[in-house]
Every structure is written in C-alpha cells, then in structure tokens.
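Enquirer:
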Amino acid sequence: MSTKKFMYLNRRSSFGTVYALESLEVVLIAAAFEQDVSLAFIDDGVYQIVEGQNTDGIGMKNFSKTYHALGDYEINKLYVSAESLEERGLTEEDLMPLVYEDEDDDWEEKPSVKIVSNAELSKIMSEQDVCLSF
Amino acid sequence: MKISIQINEGPYQHQASDTAYQFAKAAIEKGHEIFRVFFYHDGVNNASRFTVPPQDDRNVVNQWADLDIKDAEGNPELVVCVAAALRRGMLDESEASKNGVDMNNIHPAFRISGLGQLIEAGIQSDRLVVFGD
Amino acid sequence: MLHTVNKSSFERNSLQSCLNTIDDTSVILLIEDGVISAAKNNNSSMIADLATQGRVYALKGDVEARGISSKLADNIKLVDYAGFVDLVVEHGTAVSWV
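Residue numbers (this note's numbering), protein chains in the order written: chain A, 1 to 134; chain B, 135 to 267; chain C, 268 to 365.
1) Report, in whole angstroms, the separation of the C-beta atoms of residue 244 of chain B and residue 181 of chain B, which I expect to be a contact under 8 Å.
2) Kindly indicate which residue of A:92, A:100, A:126 has the alpha-carbon position closest to the one of residue 71 of chain A.
3) Check each candidate in A:59, A:49, A:60 and name the one with the smallest Cα separation from residue 68 of chain A.
4) So, at 8 Å on beta carbons, what are the nonlocal neighbours of residue 83 of chain A in its own chain, with the 5 sequence-adjacent residues on each side left out?
5) What is the rounded straight-line gap between the Cα of residue 54 of chain A and the Cα of residue 14 of chain A?
6) Would you give the residue range spanned by the beta strand (DSSP E) that residue 10 of chain A belongs to?
7) If you measure beta-carbon to beta-carbon, which residues of the region 35-46 of chain A are closer than 7 Å to chain C?
8) Report the rounded CA-to-CA distance for residue 291 of chain C versus residue 231 of chain B, giving the unit in angstroms.
9) Counting only Cβ pairs nearer than 8 Å, list the residues of chain B close to residue 363 of chain C.
10) In angstroms with no decimal places, state the Cα-to-Cα distance between residue 6 of chain A and residue 195 of chain B.
11) Any C-beta of chain B sitting closer than 8 Å to the C-beta of residue 349 of chain C?
12) Under 8 Å between the Cβ atoms of residue 216 of chain B and residue 137 of chain B?
13) Over what stretch of residues does the alpha helix (DSSP H) that includes residue 21 of chain A continue unbroken?
14) Exposed or buried, which one is residue 209 of chain B when buried takes at least 16 other CB atoms within 10 Å?
15) How would you call residue 267 of chain B, buried or exposed, if buried means at least 16 neighbouring beta carbons within 10 angstroms?
16) Within the continuous alpha helix (DSSP H) that includes residue 150 of chain B, where are the two ends?
17) Locate the beta strand (DSSP E) running through residue 102 of chain A, then write down its first and last residues.
18) Within 10 angstroms of the Cβ of residue 97 of chain A, are there 16 or more other Cβ atoms? Answer buried if so, exposed if not.
19) Please report whether the beta-carbon of residue 48 of chain A lies at a distance below 8 Å from any beta-carbon of chain C.
20) Closer than 7 Å by beta-carbon distance: list the chain B residues that pair up with residue 85 of chain A, in chain order.
21) Could you pull the start and end residues of the beta strand (DSSP E) that residue 246 of chain B belongs to?
22) Look up residue 181 of chain B in the DSSP assignment and say whether it is helix, strand or coil.
23) Name the DSSP beta bridge partners of residue 136 of chain B, please?
24) Can you give me the C-alpha to C-alpha distance between residue 239 of chain B and residue 309 of chain C, rounded to a whole angstrom?
25) Going along the chain, which residues of the region 276-306 of chain C sit with their C-beta nearer than 7 Å to a C-beta in chain B?
26) Is DSSP giving residue 198 of chain B helix, strand or coil here?
27) Taking the alpha-carbon of residue 78 of chain A as reference, which of A:58, A:3, A:59, A:8 has the nearest alpha-carbon?
28) Mind listing, in chain order, the continuous beta strand (DSSP E) runs of no fewer than 3 residues lying wholly within the region 25-66 of chain A?
29) For the region 31-45 of chain A against the region 119-131 of chain A, do three or more pairs of beta-carbon atoms, one drawn from each stretch, fall closer than 8 Å, so that the two count as touching?
30) Taking 8 Å as the CB-CB cut-off, is residue 2 of chain A touching chain B?
31) Which residue from A:58, A:66, A:56, A:102 puts its Cα closest to that of residue 24 of chain A?
32) Does the CB of residue 268 of chain C have a neighbour CB from chain A at under 8 Å?
33) Under a Cβ-count criterion, where at least 16 other Cβ atoms within 10 Å of its own Cβ denotes burial, should residue 179 of chain B be classed as buried or exposed?
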C-alpha cells in the first residue's frame with residue numbers, strides 16, 4: 001500500500017462536542033496503516049492537549065491521557081498553532097508534555113508537540129495528500 | 135478520478151449530508167467514481183431505514199441509497215462507522231444480535247464497518263472531501 | 268489546495284482560520300452558510316483581495332437559497348455542484364474548515 005500524508009485538523013475543544021474524541025479514535029486506527037500522520041491543533045482545538053483536564057464534575061470520560069499513547073504508535077507530529085495559543089492566553093507550558101522515542105536516535109525521548117506559526121502551518125498543510133477535519 | 139467523501143452530520147439537522155449528496159451526484163454525472171462515502175459522528179444517522187420525512191420533503195436516506203454506490207463485487211460503499219453507530223443506536227442485524235438488541239435499523243444500501251475504511255478511502259482515492267458542521 | 272468554508276463569518280471563525288493558513292496558490296469555495304461571506308457586508312474586506320485575484324468561489328445553489336444573489340461582493344465566482352467537483356479535481360487536496 002502506498003504512503004500518503006494525512007493531516008487531522010482539530011479546531012474544537014474536548015467535551016462540548018464529540019469531534020475531539022472521535023478524531024482521536026480515527027488517529028489511533030490510522031496508526032495501523034503506516035501512513036505519514038500529522039495532527040494540527042488550531043483555534044479551540046489547542047484545548048484538546050492542555051494539561052490538567054479533569055472530567056470528574058461532568059460525568060464524561062477523560063480521554064486526554066490517550067494523547068500520551070500517540071508516541072507509542074509513532075504518531076509524533078502534533079502541530080499547535082502559536083497564534084491560537086497566544087489568543088487564548090496559553091503557552092507551551094500549559095500543554096501536556098507529549099513525547100515519543102526516536103528509533104533513529106537511540107530511542108531518545110523527544111517532544112511530539114511542535115508550536116508553529118500560521119505561516120509554517122500553511123506550508124505543512126500544503127504538503128498533505130488528505131486532510132480530515134473534525 | 136476516484137473521489138471519497140466523509141460525512142460528519144446527520145440528515146435534516148445540518149446541510150452537510152445534502153451538500154455531500156449533490157456533490158456526489160454531480161461527480162458521478164461527470165464520469166468520476168465515488169469510491170466510498172464514509173459516515174462518521176452523527177453522520178451515521180443518514181443510514182437509518184426508519185427515516186420517515188414528510189411527503190413534500192426529500193428523503194435523504196433514500197437519496198443516498200438511490201445513488202447505488204457499490205464496489206465491483208456489489209457491496210455497498212456507503213459505509214457507516216461501527217463505533218460511532220453503536221453509541222448512537224444504529225445497528226445492523228449482526229451488531230444487533232451480538233449486542234442483544236431485538237431490532238436493527240441500517241438501510242440495506244449501507245453497511246457497517248470499522249474506521250479503517252475511512253483511512254483506506256483516503257489511501258485509495260485521488261481526493262477525499264469532508265462535509266461537516 | 269481547495270479550501271471549503273461552510274460557516275458565516277458572523278457566526279464562527281472558520282473563514283478567518285482558513286485565511287490565516289491559506290497559501291499563495293490555494294482557492295476558497297464558500298458553501299452552505301459560508302456563502303454569507305460572499306455577500307456585500309461589513310465582513311467583505313476579509314476576502315476582497317483574494318476575490319480580486321479570482322480565488323474565491325461560492326456555491327450558486329447556496330447563494331440563491333439564501334436570497335443574496337443580487338448582493339454579491341465583487342469578483343466572487345459562482346459555481347454549481349459540477350463546478351464544485353471540477354474545483355476538487357483541479358486543486359488537489361481539499362481542506363474543509365467546518
């Protein structure tokens with residue numbers, strides 16, 4: 001099977017709608033297909049990977065920990081819009097420290113999250129073959 | 135060209151399914167192939183054979199069925215995500231019996247399958263277009 | 268690339284987000300409530316430059332359904348569903364700003 005570049009475009013926060021959860025479910029399945037996978041977090045999508053989510057008070061499943069598993073599935077290109085973070089008063093330190101082990105570099109632990117400008121995001125998007133919006 | 139479609143919203147609540155249908159119809163009329171239509175999120179509700187709209191309105195479910203989107207072996211390529219379907223009460227015969235539910239509601243022009251079918255549609259098709267909210 | 272936007276810019280920021288990341292060669296197709304941005308209104312300046320470059324399309328059926336055919340902003344190109352298909356074919360990867 002040929003390799004294509006897939007981007008998952010996440011623009012909504014985690015619990016108000018089901019899109020974040022069901023997007024994550026697709027990404028986990030996608031890992032088995034050995035395609036080139038990128039995730040983009042834009043607008044309120046940045047809240048999907050904010051540290052310290054606690055759903056005890058709303059009776060819904062807290063799936064934020066699942067993002068930590070992405071590195072084990074070699075999904076390690078998580079692009080976060082710098083402008084979207086800034087607009088929301090957030091910085092990189094507010095995000096979960098998501099990492100992967102780089103098999104090409106003696107399994108060194110490296111960050112999966114990359115903060116990128118809109119201009120960089122534009123370039124990354126233009127390289128994609130498939131873009132799935134959630 | 136081989137084109138696939140992802141639909142994220144249910145019928146009547148949102149225009150997504152109507153737009154996707156008009157798009158698919160136009161693509162087929164222009165000689166393109168609709169490889170697969172994948173129904174995800176509330177989009178799974180487009181597959182309910184219990185849908186009964188008023189007589190003066192379109193029947194979104196039957197419209198999709200009438201497009202007759204199938205693979206070479208005659209299997210439906212209107213594919214409903216199993217995980218999204220089950221949590222929304224959309225079951226075919228096999229899922230109903232597996233889960234001890236006494237009824238099934240998937241229209242025969244559709245089939246239930248896994249999320250891998252969406253990824254595969256992205257790999258196999260020249261284009262994948264998403265219709266959502 | 269082809270970017271589709273289906274939200275009014277008065278309701279959601281989908282169009283703005285699209286504009287923030289669009290590259291120099293991509294085009295925008297306004298569909299569903301996205302066509303409200305194709306009308307002459309206080310938000311028209313958002314896409315005026317791109318429209319001048321001939322890079323903004325709007326879905327004719329959606330424009331007509333919303334009664335804004337006579338109020339279109341300058342340089343918006345109308346397409347029918349067949350034209351939508353052509354845009355998908357010609358412009359490569361489709362990105363939906365839902």
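Cβ atoms here follow ideal geometry from the backbone N, Cα and C, with glycine treated the same way.
Expert: Concretely, from the data shown:
1) For the purposes of this step, residue 244 of chain B is taken as residue 110 along the second sequence, with counting starting at 1. For the purposes of this step, residue 181 of chain B is taken as residue 47 along the second sequence, with counting starting at 1. Sure, about 4 Å apart at Cβ, within 8 Å.
2) For the purposes of this step, residue 71 of chain A is identified with residue 71 of the first sequence, where counting begins at 1. From the listed residues A:92, A:100, A:126, the smallest Cα separation to residue 71 of chain A is found for A:100.
3) Within the first sequence, residue 68 of chain A is the residue found at index 68, counting from 1. Nearest option by C-alpha distance: A:49.
4) Along the first sequence, one-based indexing puts residue 83 of chain A at 83. Leaving aside the five residues that flank residue 83 of chain A on each side, the residues in its chain whose CB is nearer than 8 Å to its CB run, in chain order, 117, 118.
5) Numbered from 1 along the first sequence, position 54 holds the residue referred to as residue 54 of chain A. Numbered from 1 along the first sequence, position 14 holds the residue referred to as residue 14 of chain A. Rounded to whole angstroms, residue 54 of chain A to residue 14 of chain A spans 11 Å at the Cα level.
6) Taking the first residue of the first sequence as position 1, residue 10 of chain A is located at position 10. Segment 5-10, the beta strand (DSSP E) holding residue 10 of chain A.
7) Here the close residues are 42, 43.
8) As a position in the third sequence, residue 291 of chain C is number 24, starting the count at 1. As a position in the second sequence, residue 231 of chain B is number 97, starting the count at 1. Straight-line Cα distance between these residues: approximately 54 Å.
9) Position 96 of the third sequence, counted from the first residue, corresponds to residue 363 of chain C. In chain order: 263, 264, 265, 266.
10) Taking the first sequence and counting its residues from 1, the one referred to as residue 6 of chain A is at position 6. Taking the second sequence and counting its residues from 1, the one referred to as residue 195 of chain B is at position 61. Across the structure, residue 6 of chain A and residue 195 of chain B are spaced so that their CA atoms are roughly 29 Å apart.
11) Sequence index remark: in the third sequence, residue 349 of chain C carries index 82 (1-based). Closer than 8 Å to some Cβ of chain B, the Cβ of residue 349 of chain C qualifies, so yes.
12) Here residue 216 of chain B refers to the residue found at position 82 of the second sequence. Here residue 137 of chain B refers to the residue found at position 3 of the second sequence. Cβ atoms of residue 216 of chain B and residue 137 of chain B: not closer than 8 Å.
13) To locate residue 21 of chain A, count along the first sequence from 1; it is residue 21. Residues 19-30.
14) Locating residue 209 of chain B in the second sequence gives position 75, where the first residue counts as 1. Residue 209 of chain B is exposed by the Cβ-count criterion.
15) Position 133 of the second sequence, counted from the start, is the residue given in the question as residue 267 of chain B. Looking at its Cβ environment, which holds 16 or more other Cβ atoms inside 10 Å, residue 267 of chain B is buried.
16) As a first step, residue 150 of chain B is located in the second sequence; it is residue number 16 there, counting from the start. Run containing residue 150 of chain B: 150-163, per the alpha helix (DSSP H) assignment.
17) Counting from one through the first sequence, the residue named residue 102 of chain A turns up at place 102. First-last of the beta strand (DSSP E) with residue 102 of chain A: 99-102.
18) Within the first sequence, residue 97 of chain A is the residue found at index 97, counting from 1. Looking at its Cβ environment, which holds fewer than 16 other Cβ atoms inside 10 Å, residue 97 of chain A is exposed.
19) Indexing the first sequence from 1 puts residue 48 of chain A at position 48. Chain C contact via Cβ: absent.
20) Within the first sequence, numbered from 1, the residue matching residue 85 of chain A stands at position 85. Near residue 85 of chain A there are no residues of chain B at all, since even the closest Cβ is about 24 Å away, more than 7 Å.
21) On the second sequence, residue 246 of chain B is found 112 positions in, with the first residue counted as 1. 244-247 is the extent of the beta strand (DSSP E) around residue 246 of chain B.
22) Start at 1 with the first residue of the second sequence, and residue 181 of chain B comes out as number 47. In this structure, residue 181 of chain B counts as helix in the three-state DSSP scheme.
23) As a first step, residue 136 of chain B is located in the second sequence; it is residue number 2 there, counting from the start. Beta-bridge annotation (DSSP): residue 136 of chain B is paired with B:167.
24) Counting from one through the second sequence, the residue named residue 239 of chain B turns up at place 105. Counting from one through the third sequence, the residue named residue 309 of chain C turns up at place 42. Going by the C-alpha atoms only, they are around 47 Å apart.
25) Of all residues in the region 276-306 of chain C, 298, 299 have a Cβ within less than 7 Å of some Cβ in chain B.
26) As a position in the second sequence, residue 198 of chain B is number 64, starting the count at 1. Helix at residue 198 of chain B.
27) Position 78 of the first sequence, counted from the first residue, corresponds to residue 78 of chain A. Looking at the Cα atoms, A:8 is the closest of the given residues.
28) Taking only runs of at least 3 residues, the beta strand (DSSP E) segments lying wholly in the region 25-66 of chain A are 36-41.
29) yes
30) Mapped onto the first sequence, residue 2 of chain A falls at position 2. At a cut-off of 8 Å between beta-carbon atoms, residue 2 of chain A makes contact with chain B.
31) By one-based count along the first sequence, residue 24 of chain A stands at place 24. Out of A:58, A:66, A:56, A:102, A:66 has the C-alpha closest to the C-alpha of residue 24 of chain A.
32) Numbered from 1 along the third sequence, position 1 holds the residue referred to as residue 268 of chain C. The Cβ of residue 268 of chain C sits closer than 8 Å to at least one Cβ of chain A.
33) Numbered from 1 along the second sequence, position 45 holds the residue referred to as residue 179 of chain B. Result: buried.
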